[in-house]
Amino acid sequence: MNVETKDHSGLADIFNQNESRVDWHDETLWFIRSKRDKAAQGLPEWELLRETASQIKHNVLSNLDEYLEQFESNAKANGITVHWAANAKEHNEIVHSILKKHNINRMMKSKSMLTEECHLNDYLKKNGVEVIDTDLGERIVQLADEPPSHIVLPCIHKKKEEIGDLFHVHLGTAAGEADPQVLTEAARQHLRETFVTRKLSLTGVNFAVAETGEFVVCTNEGNADMASHLADVHIACMGIEKLIPQRKHLSVFLRLLTRSATGQPITTYSSHFKKPRAGQEMHIVLVDNGRTVQLGREDFRNSLKCIRCGACMNTCPVYRRSGGHSYHNAIAGPIGSILAPNLDMKEYADLPFASTLCGSCSNVCPVKIDIHDQLYKWRQVLVKEGHVSPVKAMGMRAMALTFSMPKFFSFAGKAGRTVMKYFPSVVNNKLNPWYKEREMPAPPKQSFREWYAKERAGK
Amino acid sequence: MIVGLFVPCYVDQFYPNAGIATLQLLEKFGVKVEYPSKQTCCGQPMANSGFEHLTGECDELFTESFAKYDYVVAPSGSCVLHLKEHLHSKKNPEAAERLRGRVYELVEFLTDILQVKELKAKFPHKVGVHQSCHGLRGLKLSQMSELVEPGFSKPEYLLNFVEGLELINLTRKDECCGFGGTFCVAEEAVSSKMGKDRVADHVQNGAEYITGADLSCLMHMEGILRRQKSKVKVVHIAEILNAE
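Those protein sequence lines, which keep their order, are chains A and B. Heads up, the first sequence is in my numbering, so the first residue is 704 and it goes up one at a time. Heads up, the second sequence is in my numbering, so the first residue is 54 and it goes up one at a time.
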């Protein structure tokens, strides 16, 4: 990735060089948003469910320390080994230490955005461990040597022909083969071999139940189950915010998760893992990696309610037209844009500005995170912390000054309109980004205030 | 009842006819309207760019200009939402707080405060309504497509009184046009694409005019339409409701 263009606007610009591809990407994700609408409309109690889920998570975040300890002690009692990782580095080291202990250098992994956040694959590769992602979408982006572009649909940016080309190179399918059924079968055969030969399986966690010490993994393909049931060692990695107090609360979250994500009533598999089978070892890695810092930021705390459904991405008109990779962060889209600055303000200062603040994200969010308000608030923080260009800051100060002086504003407006009228090239040129695809407004003869002064003042 | 008319900065400079139509429309309903001349801007352009801390002078000017009125009405949902959420004054905090609850976008003022039950206007054209995001999701001028709630639309309620006007249906009824303030230049590629897509929805569904309660979005779509040399025009809802 080119360092110079590593901001959302630059990367989105590149994505938009192929307009028909943008249309295809937009339509594909809009189709999923429409499926989500249909699924939500099927439940008259939908808004109540969202509110309930939001409140449950509110309770979790307010009592996180207690729920974590309760979960740890119950998981331990179930025979699971519990690890605590303060950051990505510790998380990666813990996973590596378990691999080393068992002398394993080939492992399988399924459905974990957390390991993307921690860049586990890169770390393990450097340490001589081969990782095979078993979730089909993740496997495809892995073969393409790309990060996922979406948290639920990792290869949504790829067309089936491109997947066919990848499979031809890596899995030996016929050149030009793009039939989804044929490609899926090839992936299936390839993964079956993986399942029976790899001894360690790592999965993500959708929900961890404090009351019982169990965790729930939601998938459609069942590959996480296949891998974890066959493996001698199962490691589950989770952010500390994934907790819910009781098992009964799953009845709220499981109804919301997949309807929001893909419009399905529920995932094909909602698998509960409570204890290792006889002879198996089971580990849970509880990861902070900035979450307690976010918990301490009052304005941004609610972002930790996220259950990673991806609905905000599917509805986001900017995401649909810029692609997940333009967010240069493991988690893209609106939710990624409010999570990322917590990890590194300088690196991700562009993301909260990659939005029109249209608010659709907040409306589809199943746990009612005020996403667009947080985008606004992050902008204020980033400016105060000095993460915007000095040119922009100077422009804003000049604008604020103009608006504070009505007479000068009136003069500047008139002068501006006059210039536009007689010297349109001053604004209608390549240096004005507006003008690239849009005409400037035609300057009227008089402003409203001029009209009012003539027609109404003193009457 | 005396209403203070707020004509936001860019409406004042580029779309005076929308301001004039707003004024005349309110007067048709018997409202006494005044336009305080020291007004400029609501402060949103700075605040949405992360410079909320530079909006103090704008806020003071606004509070000073409008404190004496029963209501403030503006033909721009986005500016109104910003004032409702962010107007503060150090010199006169009580007045600013009162104003936050008294500032209305034109459409909601007509439906909620004046409770308009009939309206005489004529506009014999096919019209597409652009649901501007801040008016839609902030001021709740219409029901939002994401929610499972009963439908309604205040702009469409008013437009249905207009003789000869035919509302068209859109494929995506409340998608953003991509203007977004400084977003339109900072994220030029995505912004333009969003604008083109929004305009195409109206054009393909047969609109002769695109209307709405927010001129910033209409300005954006007008820029696209004019570049495409389209015959389709944008018009602020006040101008339709005031058309005879």
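Glycine residues also receive a C-beta, built at the ideal position from the N, C-alpha and C atoms. These numbers come from a predicted model, not from an experiment.
Check                                                                                                                                                                                               : Outcome
Measure from the alpha carbon of His932 of chain A to the alpha carbon of each residue in A:Lys812, A:Gly942 and A:Gly1013, then state which is nearest.                                            : A:Lys812
The alpha helix (DSSP H) that contains Phe67 of chain B, what's its start and end?                                                                                                                  : Cys62 to Phe67
Beta-carbon of Phe716 of chain A versus every beta-carbon of chain B: anything under 8 Å?                                                                                                           : Inspection of the sequence shows that residue 716 of chain A is occupied by Asp rather than by Phe. Judged by the 8 Å Cβ criterion, Asp716 of chain A is in contact with chain B.
Against chain A, with Cβ distances strictly below 8 Å, would Met54 of chain B count as a contact?                                                                                                   : no
Against chain C, does Val238 of chain B count as a neighbour if the rule is that its beta carbon must be under 8 Å from one of theirs?                                                              : Here the protein chains are A and B, and chain C is not one of them.
Please confirm whether Ser206 of chain B has its beta-carbon closer than 8 Å to some beta-carbon of chain A.                                                                                        : no
Give the DSSP-derived three-state secondary structure of Ile735 of chain A in the structure shown.                                                                                                  : helix
Between which two residues does the alpha helix (DSSP H) containing Ile55 of chain B stretch?                                                                                                       : No alpha helix (DSSP H) holds Ile55 of chain B; the beta strand (DSSP E) holding it covers Ile55 to Leu58.
Alpha carbon to alpha carbon, what distance is there between Lys1087 of chain A and Leu817 of chain A?                                                                                              : 30 Å
Can you give the Cα-Cα distance for Ala881 of chain A and Leu802 of chain A, rounded to whole angstroms?                                                                                            : 37 Å
Anything in chain A within Cβ reach of Val64 of chain B, meaning under 8 Å, just list it in chain order.                                                                                            : Phe1151
Please report the residue range of the alpha helix (DSSP H) in which Val832 of chain A lies.                                                                                                        : From DSSP, Val832 of chain A is part of no alpha helix (DSSP H); its letter is neither H nor E.
Counting only runs that start and end within the segment 828-892 of chain A, where is the beta strand (DSSP E) found for 3 or more residues in a row?                                               : 833-836
Starting from Glu984 of chain A, follow its DSSP beta bridges and name the residues at the other end.                                                                                               : A:Val936
Is the CB-CB distance between Val126 of chain B and Phe162 of chain B below 8 Å?                                                                                                                    : yes
Can you name, in chain order, every residue of its own chain whose Cβ lies under 8 Å from the Cβ of Gln1165 of chain A, other than the five neighbours on each side?                                : Residue 1165 of chain A is absent from the structure shown; chain A starts at 704 and stops at 1162.
Hey, could you find the ends of the beta strand (DSSP E) Gly181 of chain B is sitting in?                                                                                                           : Lys179 to Val182
Considering only residues of the same chain and omitting the five flanking positions on each side of Cys1 of chain B, which have a CB-CB separation below 6 Å?                                      : For residue 1 of chain B there is no data in the structure shown, the boundaries of chain B being 54 and 297.
Taking 8 Å as the CB-CB limit, is Ala1083 of chain A close to chain B?                                                                                                                              : Strictly speaking, residue 1083 of chain A in this sequence is Gln, with Ala absent from that position. So, interface residue.
Quick one: Cα of Ala1057 of chain A to Cα of Leu823 of chain A, how far?                                                                                                                            : 27 Å
Under three-state DSSP, which class holds Met1165 of chain A?                                                                                                                                       : Here chain A comprises residues numbered 704 to 1162, so residue 1165 of chain A is not present and cannot be evaluated.
How many Å lie between Asn705 of chain A and Leu856 of chain A at the Cα?                                                                                                                           : Residue placement at Asn705 of chain A cannot be trusted, given a pLDDT of 41 that sits under 50; what the coordinates show is reported in the next sentence. Approximately 25 Å between the Cα atoms of the pair.
Give a yes or no on whether the minimum CB-CB distance between Cys1061 of chain A and chain B is below 8 Å.                                                                                         : yes
Please list the terminal residues of the continuous alpha helix (DSSP H) segment that includes Val256 of chain B.                                                                                   : Glu241 to Gln257
Using only the alpha-carbon positions, how far apart do Asn777 of chain A and Asn719 of chain A sit?                                                                                                : 50 Å
Tell me which same chain residues have a C-beta within less than 6 Å of the C-beta of His871 of chain A, skipping the five on either side of it?                                                    : Ala878
Taking 8 Å as the CB-CB limit, is Arg153 of chain B close to chain A?                                                                                                                               : no
Got a sec: which bits of the segment 875-894 of chain A sit with their beta carbon under 7 Å from any beta carbon on chain B, in order along the chain?                                             : none
Taking beta-carbon pairs under 8 Å, can you tell me which members of the segment 1115-1134 of chain A lie near chain B?                                                                             : Gly1116, Gly1119 and Arg1120
So, at 7 Å on beta carbons, what are the nonlocal neighbours of Gly831 of chain A in its own chain, with the 5 sequence-adjacent residues on each side left out?                                    : Asn808
Taking the runs of the alpha helix (DSSP H) that are 4 residues or longer, which of them lie wholly in the segment 87-128 of chain B?                                                               : 97-101 and 109-119
Specify whether the segment 1086-1100 of chain A and the segment 1016-1024 of chain A touch according to this definition: at least 3 beta carbon pairs, one from each stretch, less than 8 Å apart. : no
Identify the continuous alpha helix (DSSP H) that holds Thr818 of chain A and give its terminal residues.                                                                                           : Met816 to Glu820
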